[in-house]
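Beneath this line is the structure, given in structure tokens, with notes to follow.
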Amino acid sequence: MSADQRAVALARAAARAADKALAVDLVGLDVSGQLPLTDVFLIATGRNERQVSAIAREIEDALIVDGAKPVRREGRADGRWVLLDFSDIIVHIFHEEERTYYQLERLWRDAGVIDLQLPEAPAAAE
4 MSADQRAVAL ARAAARAADK ALAVDLVGLD VSGQLPLTDV FLIATGRNER
54 QVSAIAREIE DALIVDGAKP VRREGRADGR WVLLDFSDII VHIFHEEERT
104 YYQLERLWRD AGVIDLQLPE APAAAE
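Just so we're aligned: the sequence shown equals residues 4 to 129 in this note's numbering.
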């Protein structure tokens, strides 16, 4: 089974919003075969608490424009691990330390990776 097209489209929109807010290490995972509750996990990292919260706000604003409403929000006040549940997708925004500690990609390593279709980062000047 693979993720619903709507869920993939929302994940890509959320990834673009996260990228705009300078999130790093964006990963989309197709968990539709393992979880009956959602199709996609989007995982992103912010470098500090303020950035984690800003990424969450940017994603939420972008998906609301796309017609998705969050069912649940957790962790925004602390800015260490924010979870945004949009039903079709669940977005995990981690502080660097929490991302390293929890290693969701390792836990869900059997899930397929979704091409988020983000532009490549420009190469560093030499």
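No residue lacks a Cβ here, since even glycine has one placed at the ideal position from N, Cα and C. All figures in this text were calculated on a predicted structure; none of them were measured in a lab.
Residue interval of the alpha helix (DSSP H) (run including residue i)
i    : result
L29  : Counting along the chain, L29 falls outside any alpha helix (DSSP H), though it belongs to the beta strand (DSSP E) covering 27-33.
A59  : 52-68
L110 : 107-110
Q120 : Premise fails: Q120 is in no alpha helix (DSSP H) and is neither H nor E.
Bridge partners - residue i, DSSP secondary structure assignment
i    : result
G115 : D33
G49  : H98
F44  : L32, I93
R76  : L87
Rounded Cβ spacing between residue i and residue j (contact assumed at less than 8 Å)
i   : j   : result
T48 : D28 : 5 Å
A65 : D42 : 18 Å between Cβ atoms; not a contact.
V55 : F44 : V55 to F44, Cβ: 16 Å. No contact.
P73 : E61 : Going by Cβ atoms, the distance from P73 to E61 rounds to 13 Å, so no, they are not a contact pair.
I96 : A59 : 5 Å
CB contact below 8 Å: residue i versus chain D
i   : result
F89 : Absent here is chain D; the protein component of the structure consists of one chain.
Sequence-distant residues of its chain with Cβ nearer than 8 Å to residue i (five each side left out)
i   : result
Q37 : W111, D113, A114
Backbone CA spacing between residue i and residue j [nearest angstrom]
i    : j    : result
A6   : E52  : 31 Å
V85  : L121 : 22 Å
G82  : G31  : 21 Å
E129 : G70  : Because the pLDDT at E129 is just 48, under 50, the model does not fix this residue reliably, and the point stays unresolved.
Contacts around residue i, its chain only, beta-carbon distance under 7 Å, and the 5 residues preceding and following it disregarded
i   : result
A17 : L45, I62, A65, L66, I92, V94
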